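**Q** Here's a structure for you.
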Amino acid sequence: QKASDAVQALLDEETGAGMDSPAFYEGFQGTVEGMKDALLSFLIDAKAAGKTVAAYGAAAKGNTFLNFAGVRPDLVRFVVDRSPGKQGRYMPGSRIPIVEEERIAETRPDYILILPWNLRDELSAQLNYIRDWGGQFIVAVPELEVF
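Using my numbering, the letters of the sequence shown map in sequence onto residues -11 to 135.
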């Protein structure tokens, strides 16, 4: 079956960017491992300093990164998700508890790790109340940023 015009346009764009070549992906593993190392270093240092970290967003993308990085509940205490179907459960692999958003105000973590990094602006605006107690946000992708 012939690809639709929209699909063909996307394929052409990817080819134009070199995404059809193994050379495009060289260095990808090193880049991802650098992101993992930066996040782990931050989380370990935060724990050593007595700081608390929670996360937001119990979706597959963030869960994959947490598992790749080996993050467990000793480094990220809980993950907030708005979906009642996820609350009261655990992140697969890491066993980090998934809770309702109210837990943030109750526990006042020092940092919120935003797992769906593509939604960082929206979520940091929604959760801006953490600034009332000096809380900060973290994203790990495309590079570690505390803001």
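Even glycine gets a Cβ: it sits at the ideal position worked out from N, Cα and C.
Owing to the predicted nature of the structure, the values given are computational and were not obtained by experimental measurement.
What are the complete alpha helix (DSSP H) segments, minimum 4 residues, inside the region 47 to 83?
**A** For the region 47 to 83, whole alpha helix (DSSP H) runs of length 4 or above, ordered along the chain, are 48 to 57.
**Q** Which residue wins for smallest C-alpha separation from leucine 28, given the options Val68, Gly123 and Val59?
**A** If we check each option's Cα against that of leucine 28, Val59 comes out closest.
**Q** Counting beta carbon pairs with one atom in the region 6 to 15 and one in the region 77 to 92, are three or more of them shorter than 8 Å?
**A** Touching, no.
**Q** Check whether the region 38 to 45 touches the region 96 to 112, counting contact only when three or more Cβ pairs, one atom from each stretch, lie closer than 8 Å.
**A** yes
**Q** On the CB-based measure, 16 or more other CB atoms within 10 Å of its CB, does valine 68 come out buried or exposed?
**A** buried
**Q** Give me the Cα-Cα distance between aspartate 8 and proline 61, rounded to the nearest whole angstrom.
**A** Per the coordinates, the alpha-carbon of aspartate 8 lies some 39 Å from the alpha-carbon of proline 61.
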